[in-house]
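Q: What follows is a single structure, and I will ask about it in a moment.
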Amino acid sequence: MADAKSYKLPLPRARGRAAEFYAFCKRHELRFQRCDDCGAWRHIPRDMCAKCGSFKWDWQQSSGRGKLFSWTTATQPMMPQFADSVPYSPVVVELDEGVRMVTWLIGIKPEELALGMPLRVLFDDVTPEVTLPKFTRA
Ligand code: ZN
645 MADAKSYKLP
655 LPRARGRAAE
665 FYAFCKRHEL
675 RFQRCDDCGA
685 WRHIPRDMCA
695 KCGSFKWDWQ
705 QSSGRGKLFS
715 WTTATQPMMP
725 QFADSVPYSP
735 VVVELDEGVR
745 MVTWLIGIKP
755 EELALGMPLR
765 VLFDDVTPEV
775 TLPKFTRA
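Spelled out as structure tokens, the structure:
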């Protein structure tokens, strides 16, 4: 694990509900908001349900399982901090609960990606303060 000064890649600047999401990640728990009224899961964190308008919700544990929904492959670093990472593929994972999140993969090369491939979450403690949810083969 890098310390906060030696870790070179951008870290999330989590505030409000997003800070709560990352606090669960720090505990190696993938949790999303779930509406108390209609049961819809949601991500990115926000106060109101987009399906029914309810403000009643709770953090619920995700299965951590999903499938590859979409990706792009970066072959040129868009920022100098990514020079050692190319080629890499930012991906959109669709969790079994239906929410989608942009994330990273571990142990899967860009040329191995396939639409719908099963994935599972794992937690990368990138600094003592920040843990990022990433995905690998299920
Ligand atoms: Zn709802």
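For the sequence shown, the residue numbers in our numbering are 645 to 782.
Quick reminder that beta carbons are idealized off the backbone N, C-alpha and C, glycines included.
Given the structure is predicted, the values throughout are model-derived calculations rather than measurements.
1. In angstroms, rounded to a whole number, what distance separates the CA positions of alanine 667 and glutamate 755?
2. How is cysteine 696 classed by DSSP in three states: helix, strand or coil?
3. Should serine 706 go down as buried or exposed, given a rule of 16 or more other Cβ atoms within 10 Å for buried?
4. Mind listing, in chain order, the continuous beta strand (DSSP E) runs of no fewer than 3 residues lying wholly within the region 678 to 748?
5. Would you check if the distance between the CB atom of leucine 766 and the CB atom of lysine 753 is smaller than 8 angstroms?
6. Ends of the alpha helix (DSSP H) at arginine 661?
7. Could you round the C-beta distance between threonine 747 and serine 733 to whole angstroms and report it? I think they count as a contact, below 8 angstroms.
8. Compute the Euclidean distance between the alpha carbons of lysine 742 and valine 735, then round it to the nearest angstrom.
9. In three-state DSSP terms, what is proline 754?
10. For my contact list, phenylalanine 676 and histidine 687 are in at a C-beta cut-off of 8 angstroms; report their separation, rounded to the angstrom.
11. Since valine 765 is in the beta strand (DSSP E), which residue starts that stretch and which ends it?
12. Less than 7 angstroms between the CB of aspartate 681 and some heavy atom of the ligand ZN, yes or no?
A: Once the coordinates are examined:
1. 33 angstroms
2. coil
3. Serine 706 should be labelled buried.
4. 701 to 705, 709 to 715, 735 to 739 and 744 to 747
5. Result no, Cβ atoms of leucine 766 and lysine 753 do not sit closer than 8 angstroms.
6. 660 to 670
7. Wrong, their Cβ atoms sit about 10 angstroms apart, outside the cutoff.
8. The amino acid at residue 742 is misidentified as lysine; the sequence shows glycine. For glycine 742 and valine 735, the distance between alpha carbons rounds to 15 angstroms.
9. helix
10. 5 angstroms
11. DSSP places valine 765 inside the beta strand (DSSP E), whose first and last residues are 762 to 769.
12. yes
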